[in-house]
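Numbering (this note's numbering), first residue to last: 4 to 193.
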């Protein structure tokens with residue numbers, strides 16, 4: 004009897020919370036009915052990254068869409084380690100080349116020529132791995148899911164072109180990484 008009452012209470016609490024959140028959000032949508040500017044741009048980014056115990060270079064291409072301070076982003080990225088030392092006679096090693104694609108959501112702040120935004124989301128990452136068994140060398144891709152985070156500072160001196168700094172990190176089970184880079188944006192950035 005006690006468990007049935009608790010289950011009914013928990014269900015009612017969830018329903019009440021959902022209705023309350025919907026009720027609170029309605030006045031905010033009804034009051035601000037003015038049209039919001041839409042922004043859409045592409046970008047290219049390159050810079051140093053640290054992952055897998057060594058330094059590397061990371062580059063990315065992406066597209067971002069902003070509506071009412073909400074940022075939606077899709078990004079393809081690729082990284083490669085700077086190969087200074089190559090260990091010998093290892094059975095499994097990461098070749099250093101990592102690529103992936105991510106979907107991110109974030110918030111945009113700022114007016115005029117300076118903008119700041121942050122985003123996080125999910126990414127699918129492919130790590131290129133080389134395995135050796137005796138004289139046989141096999142290369143394969145190890146896939147994992149990552150949690151990317153990006154913080155960006157953007158300067159928009161003109162309406163169609165901008166420059167910025169991107170700081171990024173990605174936590175995943177196989178090869179987490181962090182870094183920064185310079186970016187060029189083109190599209191409706193202001």
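Beta carbons are placed, not taken as given, at the ideal position from N, Cα and C, and that holds for glycine.
Check: Which one of 178, 45, 149, 41 has the shortest CA to CA distance from residue 123?
Finding: 149
Checklist line | Distance CB(residue 143)-CB(residue 132) smaller than 9 Å | finding: yes
Next item on the list: For the beta strand (DSSP E) holding residue 71, just list the boundary residues, first then last.
Entry: Per DSSP, residue 71 belongs to no beta strand (DSSP E) and is neither H nor E.
Checklist line | Nearest-angstrom Cα separation, counted from residue 140 out to residue 162 | finding: 52 Å
Next item on the list: Output yes or no for whether 9 Å exceeds the beta carbon distance between residue 65 and residue 45.
Entry: yes
Note to self: Spatial neighbours of residue 116 within its chain, please: C-beta separation below 8 Å, excluding the five flanking residues on both sides.
What the structure shows: 158, 159, 160, 193
Notebook entry, point to check: So the beta strand (DSSP E) residue 164 belongs to, where does it begin and stop?
Noted result: 164-175
Margin query: Less than 9 Å between the C-beta atoms of residue 47 and residue 182, yes or no?
Written below: no
Check: With respect to the beta strand (DSSP E) encompassing residue 48, which residues constitute its N-terminal and C-terminal limits?
Finding: 41-54
Note to self: I need the DSSP call for residue 190, collapsed to helix, strand or coil.
What the structure shows: strand
Notebook entry, point to check: How should residue 78 be labelled, buried or exposed, when 16 other C-beta atoms within 10 angstroms of its C-beta is the threshold for buried?
Noted result: buried
Margin query: Is residue 144 close to the ligand MG? I mean its beta-carbon at under 8 Å from any heavy atom of the ligand.
Written below: Among the components modelled here there is no ligand, and therefore nothing to report on the ligand MG.
Item checked: Cβ neighbour criterion (16 or more within 10 Å) applied to residue 29 -> Bear in mind that a pLDDT of 47 at residue 29, under 50, signals an unreliable position, so the model cannot answer this.
Note to self: Can you tell me whether residue 138 is helix, strand or coil according to DSSP?
What the structure shows: coil
Margin query: Going by C-alpha to C-alpha distance, which of 121, 100, 114 sits closest to residue 108?
Written below: 121
Margin query: Only counting the same chain, and skipping five residues up and downstream in sequence, which positions put a Cβ closer than 8 Å to that of residue 72?
Written below: 110, 111, 112
Next item on the list: Report yes if the CB atom of residue 184 is closer than 9 Å to the CB atom of residue 43, and no otherwise.
Entry: no
Notebook entry, point to check: So, using beta-carbon positions, are residue 171 and residue 59 closer together than 9 Å?
Noted result: no
Notebook entry, point to check: By the 10 Å Cβ neighbour count, where 16 or more other Cβ atoms means buried, how is residue 2 classified, buried or exposed?
Noted result: Residue 2 cannot be examined here, being either before or after the span of the chain that is shown, 4 to 193.
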